[in-house]
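If you're matching positions, the sequence shown starts at 4 in the working numbering and goes up one per residue. Note that beta-carbon positions come from the ideal geometry of N, C-alpha and C, so glycine has one too. Inspection log for the structure reproduced underneath, given as structure tokens.
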Amino acid sequence: MRIAEKPWWQYRWYLRPFFWNQRRKYGQVLKSALLWGRSPRVFLGVAWLYGALERKGSPLEPALRSLLSLRVAQLNACRFCVDINSALLDSRAGSKSRSEALERWRDSSVFSERERAALGYAELMCRGEFPLGEELTRRLHGCFDDDAIVELTALIAFQILSSRFNSALEVPSQGFSR
């Protein structure tokens, strides 16, 4: 990592419950969280946005959210994000078939039309290719309502931010996907 680690107990007291929860959930504190935690207000904003996007009432099902997060991580060469999102996708999808086929999603029969539309959109957003073409716009509206498209856009944008942050600071994988 480009930034030296500091022990979790040297962080602000109100961030420590987040780290405790990560240790409980993942068996370790996430190195990415320790970096975000160096700026406590930014950490809280990122944590709040992540929680809003991962809520139970999201119009995007959990496996789709993980699929998109993993694809954005792959495109941004984020080792940490690929690691944790592969494990999360495999858990949510019930198998490794989606994570293993994701880099060649256009040629794979594993993905639904809804997933393909979302993956195409994620790739365009990662490359910054705007405006969208008519075909992709039509495909998105055929699979998602307007509220879901807004949420889809927010999820992809958040993952772009997160994966570029982690890539720039060379956050390593932590062994979640094996």
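Task: Contained alpha helix (DSSP H) runs [length at least 4] in the region 143–169, N- to C-terminal order - done: none
- [ ] Measuring alpha carbon to alpha carbon, tell me which of LEU70, LEU78 and SER69 ends up nearest ARG130.
- [x] LEU78
Open item on the list: For GLN25 and VAL32, what's the separation of their Cα atoms in angstroms?
Closed with: 5 Å
- [ ] Would you tell me roughly how many angstroms separate the C-alpha atoms of GLU126 and TRP108, rounded to the nearest one?
- [x] 11 Å
Task: Terminal residues of the alpha helix (DSSP H) in which ALA96 lies - done: 82–96
Task: Where GLU118 falls, given that 16 or more other Cβ within 10 Å makes a residue buried - done: buried
Open item on the list: Whether or not the region 130–144 and the region 39–55 are in contact is what I'm after, with contact meaning three or more pairs of Cβ atoms, one per stretch, closer than 8 Å; do they touch?
Closed with: no
- [ ] Between the Cα of ILE159 and those of LEU70, ASP148, SER42 and TRP39, spot the shortest distance and give me the residue it belongs to.
- [x] LEU70
Task: Under 7 Å between C-beta atoms of VAL113 and SER98 - done: no
Task: Other residues of its chain near GLN162: CB distance less than 6 Å, five sequence neighbours each side excluded - done: SER72 and VAL75
TODO: State the DSSP-derived secondary structure class of GLN13, mapped to helix, strand or coil.
DONE: helix
Open item on the list: Quick check: the Cα distance between GLU154 and SER61, rounded to an integer number of angstroms?
Closed with: 8 Å
- [ ] To the nearest angstrom, report how far apart GLY40 and ALA171 are at their CA atoms.
- [x] 16 Å
Open item on the list: Just to confirm the assignment, what range does the alpha helix (DSSP H) spanning MET4 have?
Closed with: Looking at the DSSP string, MET4 is not in any alpha helix (DSSP H), and its letter there is neither H nor E.
Open item on the list: When you compare the CB positions of SER176 and SER89, do they come within less than 7 Å of one another, or not?
Closed with: no
Task: Cβ shell of GLU8 (< 8 Å), same chain only, five flanking positions each side left out - done: LYS34 and LEU37
TODO: Return the residue from the list GLU116, SER165 and SER166 that minimises the CA-CA distance to ARG142.
DONE: GLU116
Open item on the list: Tell me the residue span of the alpha helix (DSSP H) that contains LEU47.
Closed with: 43–56
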